[in-house]
Amino acid sequence: FPRLCDELVSCETKKIVERIVNEIRSYIELSPSKPGGEVLYKFVTDSGYISQLLSEGSVINEKRIENITKFFEIIRRSEPLLRYNRIPEFVKHLDLLM
Numbered sequence: 011f012p013r014l015c016d017e018l019v020s021c022e023t024k025k026i027v028e029r030i031v032n033e034i035r036s037y038i039e040l041s042p043s044k045p046g047g048e049v050l051y052k053f054v055t056d057s058g059y060i061s062q063l064l065s066e067g068s069v070i071n072e073k074r075i076e077n078i079t080k081f082f083e084i085i086r087r088s089e090p091l092l093r094y095n096r097i098p099e100f101v102k103h104l105d106l107l108m
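Under this note's numbering, think of the first position of the sequence shown as 11, with each following residue one higher.
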């Protein structure tokens, strides 16, 4: 991304984009060898989203945490049904449920 740092895109923005791209790459590299739920949980925790919700205690954040918990419970219950316990298979399974 060396060409991005100019008058249109600040160096700070460039650093943020590089960090996001590197994080996405790490999850892509992890995904073939780890169960989908594990990769998704790593993303949610690494992003700091859960910590942020917990630190900003509010009714709406408690509800968000409940929803995330429900989502991971759905993942846990779905894992035995999946042919391959990877994210693409889980997404197909979710599509069938909806």
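Glycine included, every Cβ here is placed at the ideal spot set by N, Cα and C.
- Pairing Ile60 with Val69 gives a Cβ-Cβ distance that is not under 8 Å.
- Boundaries of the alpha helix (DSSP H) harbouring Val54: 46-56, taken from the DSSP string.
- For Asn71, the enclosing alpha helix (DSSP H) has its first and last residue at 69-88.
- The way I'd put it, the segment 75-82 doesn't touch the segment 19-39; fewer than three beta-carbon pairs between them come closer than 8 Å.
- Residues Gly47, Tyr51 of the same chain have their beta carbon placed closer than 7 Å to that of Phe82, with the five preceding and five following residues left out of the count.
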